[in-house]
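Sequential numbering of the sequence shown, starting at 91, is according to my numbering.
The C-beta atom is built at its ideal place from N, Cα and C for all residues, glycine as well.
Computed from a predicted structure; not experimentally measured.
Worksheet: the structure to be examined is printed underneath.
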Amino acid sequence: MYNHIINIYTKSFYFICYMITYKKGFYKCFSFNYEIIILNYNHYNQIKIRSMKGVKGYMRVILKMIIVDDEPRHRKGLVNLIGKLRPNYEINQFKNGNEALEYLNKNKVDIIITDVKMPIMDGISFVKKHKENEKSAKIIILSGYANFEYAQNAISLGAFDYILKPVDEEIISEMLIKVEKSIYEEEEQRKREEQLLESLKSKMQVYSEWEFNKWIKGEVKKENLLEVKKYLAEDGQGWIIITKISDDIDENKEEILNDIKDVITEKLRCYGNVISFYLRDNEKMLIAAIKRNDNNFYEVEFQQLNEIVDYIKSEYCINIAIGVSSKCNSIYEDARRCFDEAVDALKLRFYFKNSKIMSFSDKKQIRKKSVIISYKDEERFNELICKQDKIEATNLVNNILSKFMECGYSEPNELKNYIIRLIINSTKEVENFMTSETYTEITTNIINTINLSKDIVELKRNCNLIIIKIISVLERWKSNKSRVIFDKYLKYIQDNYMYDISLESVSEKFHFNSSYFSAMFKERAGMNFVKYLLKLRIQKSCELLLNSDKKVYEISALVGYNDVKYFNRVFKNEMNVSPDEYRRLNSLNKRGAM
């Protein structure tokens with residue numbers, strides 16, 4: 091049974107697997123002592139194998155072998171036999187050890203089969219010379235019975251195994267299975283070691299970047315900067331450079347981010363020791379800390395930084411911007427300050443979109459104090475929106491933006507937040523002319539559009555477009571006198587009839603002129619505001635009289651009349667009976683109906 095399994099394995103299994111996956115150079119290897127059931131290859135395109143014991147995994151299909159033997163007949167016979175058993179092998183042959191060593195100096199092989207007794211250089215010397223070069227090939231010694239001690243000596247020198255002459259197909263087949271199993275196991279072990287090493291490197295990198303992030307945020311004391319000191323050595327003057335990746339990376343993101351980091355680190359290394367890492371909370375911000383003692387940094391470095399920007403653009407089609415801090419005397423202690431300076435330098439690009447490199451040492455700096463805009467400007471803007479004056483409204487916003495820049499360059503987010511508040515406050519006029527869903531959509535669009543403005547020019551353009559859109563909505567809804575607007579008025583009155591509301595208070599609530607509001611209300615409701623409110627209150631009081639046990643004075647207060655006598659008079663004028671009589675008459679009617 092054992093030999094039968096081996097025969098199937100050696101004669102059929104290799105050939106079929108080789109046909110399936112030969113282009114990739116790997117096949118699925120089920121090695122040693124397997125029960126193999128081979129299904130129809132053309133129909134099923136698979137091999138079904140049931141394991142008894144052994145190893146599984148992937149192994150290279152194309153193994154390289156050399157055969158060294160001074161006897162041509164033996165040498166060629168062995169080449170033909172192995173070629174028959176393993177048609178996928180690359181086999182070269184040599185007649186002595188010298189020729190084989192010359193070949194091995196230039197080529198790597200997996201298996202060497204060598205005779206012991208040969209002229210010029212025998213098998214033992216050949217094995218010694220080969221092992222001196224630390225080659226990893228598996229060496230199989232061919233030995234006659236008379237040379238058995240030589241074979242044992244070769245094994246002690248590091249040969250893998252020996253075969254006694256004469257050889258036959260079964261012996262060679264078993265030897266090949268054994269050596270292939272060993273090669274596979276060594277390759278698997280090497281892969282595991284490489285994976286472990288990569289895992290350790292990855293974990294060490296994660297830990298180092300975590301420490302670097304703490305350092306740059308000022309969360310680590312100088313005496314605890316072990317990871318930083320590994321890279322920057324002793325303390326000294328230095329700078330923090332931040333590279334901001336402006337574009338989104340859709341494919342191979344991690345690989346490209348690592349490439350960019352490596353490129354920038356390498357190009358900056360000529361100026362001193364460098365640490366490069368991405369911010370934990372923003373992977374588009376690459377931090378480079380440089381420690382050097384050269385005062386001629388900026389005029390030389392800016393040229394280098396421009397080359398970096400151009401290289402990243404040409405190589406990866408990605409735009410980057412670079413912010414440079416001022417020089418500090420202690421890169422260890424001043425890293426946090428330099429980091430903040432580099433961040434501020436980058437913010438200046440909002441005002442200078444064509445500049446790819448910004449330095450904190452420039453005269454242009456981000457102003458830390460807030461600019462207070464005149465309340466009159468805000469009132470004026472709201473008034474212009476109400477008047478639907480697009481030109482004056484856009485001019486006013488441009489003037490406000492100019493005021494922000496007169497005393498320096500404001501924090502871009504501060505500027506954006508102010509503009510958002512200004513515009514949204516003005517949209518209260520528009521809110522009354524649309525559904526709440528539409529209004530929410532418009533305000534959300536305002537916030538997103540302003541926040542996504544990449545520079546001051548784009549911010550001005552977006553402000554102008556938003557103003558035009560708001561006024562267009564206002565014009566459209568006012569001209570149509572939409573039912574939606576009137577429904578909002580009625581709902582407000584129906585929800586607040588019990589309070590002290592008036593035509594003036596409601597028109598003010600909805601930002602309308604009271605005369606305009608009165609005329610529009612009468613047109614839509616078929617009666618004036620006062621009459622509508624009175625009828626609504628009387629209707630609600632009638633419901634309470636019929637459906638509750640509350641006293642008349644309580645009902646009077648609940649429908650908006652604090653003076654019960656006045657309520658009685660108004661009720662009688664409308665219903666021709668007093669509240670008590672209304673309740674009594676309707677109670678009698680109910681009993682009569684029963």
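If I follow the unbroken beta strand (DSSP E) through residue i, where does it start and stop?
i	result
Asn363	Asn363 to Leu369
Asp205	Ile201 to Asp205
Lys228	Lys228 to Ser233
Tyr422	Here Tyr422 belongs to no beta strand (DSSP E), and DSSP marks it neither H nor E.
Ser449	Ile447 to Ser449
Tyr252	Asp251 to Leu254
How would you write the range of the alpha helix (DSSP H) that residue i sits in, first residue to last?
i	result
Met495	Lys480 to Glu496
Ser595	Leu593 to Lys599
Ile475	Tyr465 to Cys476
Leu347	Lys343 to Leu358
Val654	Val654 to Met665
Ala323	Segment: none, Ala323 is in no alpha helix (DSSP H) and carries neither H nor E.
Asn444	Note, Asn444: premise wrong, no alpha helix (DSSP H); not H, not E.
Thr528	Ser526 to Asn541
Tyr651	Tyr651 -> no alpha helix (DSSP H), and no H or E assigned at all.
Glu222	Gly213 to Glu222
So, for residue i: in the same chain, excluding its five sequence neighbours on each side, which residues have a beta-carbon less than 8 angstroms away from its beta-carbon?
i	result
Val433	Ile332 and Gly413
Lys685	The chain is shown from 91 up to 684; residue 685 falls before or after that span and cannot be answered.
Met155	Ile172, Tyr179, Glu180, Ile181, Asn182, Val199, Asp200, Ile201, Ile202 and Ile203
Asn652	Ser646
Val169	Ile157, Ile181 and Gln183
Asp590	Gly650
Leu624	Val660 and Glu664
Pro209	Asp160 and Asn186
Tyr321	Asn363, Val364 and Ile365
Glu468	Leu512 and Asn515
Among all the DSSP beta bridges, which residues are the ones paired with residue i?
i	result
Met375	Lys334
Ala411	Lys334
Asp577	None, per the DSSP bridge assignment.
Gly328	Lys381 and Cys418
Given residue i, which residues of its chain have a CB within under 6 angstroms of its CB, disregarding the five upstream and five downstream residues?
i	result
Arg426	Gly308
Phe611	Phe619
His133	Reliability of the predicted coordinates at His133 is poor, the pLDDT of 28 falling under 50, and the value obtained from them is presented with this limitation in mind. No residues qualify anywhere along the chain.
Val390	Only weak support exists for where Val390 lies, its pLDDT of 48 falling under 50; the value from the coordinates is given anyway. Here the set comprises nothing.
Lys662	Ser668
Ser416	Glu431, Phe450 and Ser451
Asn554	Thr484
Glu299	Phe367
Val487	Cys553
Glu527	none
Lys281	none
Phe576	Arg614
Phe715	Absent from the structure is residue 715, since the part of the chain shown begins at 91 and ends at 684.
Glu317	Ser298 and Glu301
Roughly how far, in whole angstroms, is the beta-carbon of residue i from the beta-carbon of residue j, given that I think they are within contact range, below 8 angstroms?
i	j	result
Gly213	Asp205	6 angstroms
Leu254	Phe216	Not quite, the Cβ-Cβ distance comes to about 19 angstroms (not below 8 angstroms), so this is no contact.
Asn535	Asn472	In fact, because the Cβ distance is near 19 angstroms, the residues do not count as touching under 8 angstroms.
Ser638	Pro669	Not quite, the Cβ-Cβ distance comes to about 12 angstroms (not below 8 angstroms), so this is no contact.
Arg370	Asn444	The pair is not a contact, with the Cβ atoms about 31 angstroms apart (cut-off 8 angstroms).
Lys550	Leu491	6 angstroms
Ile354	Ile398	6 angstroms
Asn552	Ile540	6 angstroms
Ile377	Ile306	6 angstroms
Lys403	Asn396	The pair is not a contact, with the Cβ atoms about 11 angstroms apart (cut-off 8 angstroms).
Leu636	Leu648	Leu636 to Leu648, Cβ: 14 angstroms. No contact.
Can you find the residues in the same chain that come closer than 7 angstroms, C-beta to C-beta, to residue i, ignoring five residues on each side of it along the sequence?
i	result
Gln478	Ile561, Leu564 and Glu565
Tyr193	Ile156, Asn182 and Phe184
### Complete alpha helix (DSSP H) runs within the stretch 148–190 (minimum length 4 residues, chain order)
List check, alpha helix (DSSP H) in window: 162–175.
### Query
Could you give the uninterrupted runs of the alpha helix (DSSP H) lying entirely in the stretch 613–640, keeping only those of 4 residues or more?
Whole alpha helix (DSSP H) segments, 4+ residues: 619–637.
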